[in-house]
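Colleague: Letter by letter, the sequence shown follows residues 1 to 158 of UniProt numbering.
From the three backbone atoms N, C-alpha and C, an ideal C-beta is built for every residue, glycine too.
All values derive from a computational prediction rather than experimental measurement.
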Amino acid sequence: MTIRINVNGAEHVVDAEPDTPLLYVLRGDLRLNGAKYGCGLGQCGACTVQLDGKAIFSCVTPLAAVGTRKVRTIEGLGSVDRMNALQSAFAAEQAAQCGYCSAGMIMRAQALLDAIPQPDEAQIRRHMQTNLCRCGTHMRILRAVLRAAGLPVDGHSA
1 MTIRINVNGA EHVVDAEPDT PLLYVLRGDL RLNGAKYGCG LGQCGACTVQ
51 LDGKAIFSCV TPLAAVGTRK VRTIEGLGSV DRMNALQSAF AAEQAAQCGY
101 CSAGMIMRAQ ALLDAIPQPD EAQIRRHMQT NLCRCGTHMR ILRAVLRAAG
151 LPVDGHSA
């Protein structure tokens, strides 16, 4: 079946069944490999992308649920040469160890910063709790989000 999808501001036509997980279309059809397959159950967050600005698990979101809404992936935020503020903060705080969860973490954090430009630490922790980092860099991720928001990191201005 031919389905239209808007990803990172561009219209795409894909040949997929409506129940195909969005993650499969992003990685397989569109070759956008930032979102990762982690658990396939919406429990780890490695596949997190944004749908109309809200963080979602793309591994459990069927293509039919996307409709005309806009999908944004890590590739739509910035590039190695032109990182956005959050990506730069992740680099500055060395928030990625193995890097597998990083794209999902950044997409979830960016959704928070888009909705609440200067969240407090409790809001960040609450918002980020659904995404897992098996390497244990959660404190670095927290500092990166604080830094991107222009808030103090460990008692110092970001």
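1. Would you mind reading off the limits of the alpha helix (DSSP H) that contains aspartate 114?
2. Let me check understanding here. Comparing Cα to Cα, which of Lys70, Gln97, Ala103 lies closest to leucine 86?
3. Have a look at the DSSP bridge pairing and note the partners of valine 71.
4. Rounded to the nearest angstrom, how far is the Cβ of glycine 76 from that of glycine 9, given a contact under 8 Å?
5. Quick one: what does DSSP say valine 14 is sitting in, helix, strand or coil?
6. Assuming the contact rule is C-beta atoms closer than 8 Å, isoleucine 74 and glycine 34 should be a hit. Round their C-beta distance to whole Å, please.
7. Can you tell me whether threonine 68 is buried or exposed? The criterion is at least 16 other CB atoms within 10 Å of its CB, across all chains shown.
8. At the level of alpha carbons, what is the spacing between alanine 55 and glycine 40?
9. Give every residue of the same chain whose Cβ lies closer than 7 Å to the Cβ of alanine 149, excluding the five residues on either side of it in the sequence, and list them in chain order.
Modeller: The structure says:
1. Looking at the DSSP string, the run of the alpha helix (DSSP H) that includes aspartate 114 is 102–115.
2. Among Lys70, Gln97, Ala103, the Cα nearest to that of leucine 86 is on Ala103.
3. Beta-bridge partners assigned by DSSP to valine 71: Val7, Leu51.
4. Contact between glycine 76 and glycine 9 holds, since their C-beta atoms are separated by about 7 Å, short of 8 Å.
5. Note: valine 14 maps to strand in three-state DSSP.
6. About 3 Å separates the two Cβ atoms, so the contact holds.
7. When all chains shown are included, threonine 68 counts as exposed.
8. Going from the Cα of alanine 55 to the Cα of glycine 40 covers about 16 Å.
9. Contacts found: Leu113, Pro117, Gln118, Pro119.
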